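So the sequence lines, in the order shown, correspond to chains A and B. The first sequence lines up with residues 80 to 271 when you count with the numbering used here. The second sequence lines up with residues 16 to 120 when you count with the numbering used here. For glycine and all other residues, C-beta sits at the position ideal for the given N, C-alpha and C. Since this is a predicted model, take the numbers as computed values, not measurements. In what follows, a structure is listed as structure tokens, so that the remarks can point back to it.
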Amino acid sequence: MTELSAWTVAAVIALGGLSVAAGVAVFVVDSMARATFALLASFLAVAGILVALRLPYLAFVTALMMTIEMALMAVFMIMFMMNPAGLMPMTMVHNPRGSALLGAATFVLLTVGIWTVDWPARGGDVPADSTRQLGEAIMGSHMLVMLVIGVGLFATIIAGTVLATARGRYDRLGAELDAARPDDPVPGGLPR
Amino acid sequence: MTAELVLQIVLTVAAALVGVGVFGALSQQSIVMIMMGFELALNGVLLGAAAAWYFLAPQSPDAQMVVVVALVVMAVEMAMGFAATIAIYRARQVDMVDMATDLQG
Numbered sequence: 080m081t082e083l084s085a086w087t088v089a090a091v092i093a094l095g096g097l098s099v100a101a102g103v104a105v106f107v108v109d110s111m112a113r114a115t116f117a118l119l120a121s122f123l124a125v126a127g128i129l130v131a132l133r134l135p136y137l138a139f140v141t142a143l144m145m146t147i148e149m150a151l152m153a154v155f156m157i158m159f160m161m162n163p164a165g166l167m168p169m170t171m172v173h174n175p176r177g178s179a180l181l182g183a184a185t186f187v188l189l190t191v192g193i194w195t196v197d198w199p200a201r202g203g204d205v206p207a208d209s210t211r212q213l214g215e216a217i218m219g220s221h222m223l224v225m226l227v228i229g230v231g232l233f234a235t236i237i238a239g240t241v242l243a244t245a246r247g248r249y250d251r252l253g254a255e256l257d258a259a260r261p262d263d264p265v266p267g268g269l270p271r
Numbered sequence: 016m017t018a019e020l021v022l023q024i025v026l027t028v029a030a031a032l033v034g035v036g037v038f039g040a041l042s043q044q045s046i047v048m049i050m051m052g053f054e055l056a057l058n059g060v061l062l063g064a065a066a067a068w069y070f071l072a073p074q075s076p077d078a079q080m081v082v083v084v085a086l087v088v089m090a091v092e093m094a095m096g097f098a099a100t101i102a103i104y105r106a107r108q109v110d111m112v113d114m115a116t117d118l119q120g
């Protein structure tokens, strides 16, 4: 028997339904701002399930990170989208039928596996403090994962800055950085 | 309800999230909406890993690390996606994938 109470199981199922419904709504609603908040609702529902599964720290990180991420995404929506408010109905899709087919095929494939696999019994009890278990793993047995993640995030910071920078020093001063006067749209910029 | 049944239900929810995410990533034209499809699929991975931890191997932190990795992948995908969107929009006013077909065979 699971340690989850009947109420917890009911909450998990309800939150699961909510997360899928919100996920579908992302691609159904007209307004892209609404789509962003539908995606946020989906993430918050999953965070609620994580709480029920005794992972409060990861639930907190998910909720916090996704709330901020979706707020940023809403800003980008308004910057780039022609129809952020959804005032005129429009669809921006290509090959919707093939995509729906592939999405459904993915779901069916995974679901058939889920319901036919003979799942093993749970090994051991749930630890009293899952956050402590994660912290000890990060600083001990699984430190390599965190090292790779750290380097990856640092590379992301650099690559993101490089990609998003309009004009860097090589644009201003040439490939050898030796131009006497920087090539600026508005002259008068400081030399190197 | 047995633990196995609850595990299967939660994993089915995760599979549904992945399926909807695949549909979104394949069908949308706007780059930002494609990224939302990726995020939704990763949301399913996150949920599946959490369920695997609780119902199968709670004594091992491996599944928790998978959740952490999924969260990091989401952050990296978001940052690099928006950086690439800004770069290609600045260069060519492209904000839809159908307008960026340079690598089409």
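Residue-chain proximity (residue i, chain A), Cβ-Cβ < 7 Å
i	result
residue 23/B	yes
residue 101/B	yes
residue 62/B	yes
residue 155/B	The requested residue 155/B does not occur in the structure, where chain B is confined to residues 16 to 120.
residue 106/B	no
residue 91/B	yes
residue 85/B	no
residue 97/B	yes
Under 9 Å from the C-beta of residue i: neighbouring residues of chain E
i	result
residue 115/B	Reference to chain E is not applicable here, since the protein chains of this structure are A and B.
Any C-beta of chain B under 7 Å from that of residue i
i	result
residue 171/A	yes
residue 86/A	no
residue 201/A	yes
residue 243/A	yes
residue 230/A	no
residue 157/A	no
residue 175/A	yes
residue 185/A	yes
residue 106/A	yes
residue 110/A	no
residue 193/A	yes
residue 219/A	no
Nearest residue (CA-CA) to residue i, options the options
i	options	result
residue 76/B	220/A, 260/A and 153/A	220/A
residue 110/B	176/A, 155/A and 188/A	155/A
residue 83/A	228/A, 205/A, 109/A and 227/A	205/A
residue 31/B	44/B, 61/B, 17/B and 16/B	61/B
residue 152/A	81/B, 66/B, 97/B and 83/B	97/B
residue 146/A	119/A, 175/A, 203/A and 90/A	119/A
residue 113/B	236/A, 172/A and 112/A	172/A
Residues bridged to residue i [DSSP beta-bridge criterion]
i	result
residue 178/A	Paired residue(s): none; residue 178/A is not in a bridge.
residue 220/A	In the DSSP output, where bridge partners are listed per residue, residue 220/A has none listed.
residue 89/B	BP columns for residue 89/B are empty, so no partner.
residue 43/B	172/A
residue 51/B	Residue 51/B pairs with nothing; no bridge assigned.
residue 111/B	45/B
Cβ shell of residue i (< 8 Å), same chain only, five flanking positions each side left out
i	result
residue 38/B	52
residue 242/A	none
residue 216/A	none
residue 141/A	122, 125, 126 and 129
Cβ shell of residue i (< 7 Å), same chain only, five flanking positions each side left out
i	result
residue 117/A	101, 104, 105 and 108
residue 57/B	85, 88 and 89
residue 119/B	none
Chain-order list of residues whose beta-carbon lies under 6 Å from that of residue i (same chain, five-residue window excluded)
i	result
residue 138/A	126, 129 and 130
residue 100/B	46
residue 70/B	18 and 22
Closer than 8 Å, Cβ to Cβ, to anything on chain B: give me those residues from the region 242-268 of chain A, in chain order. 242, 243 and 245
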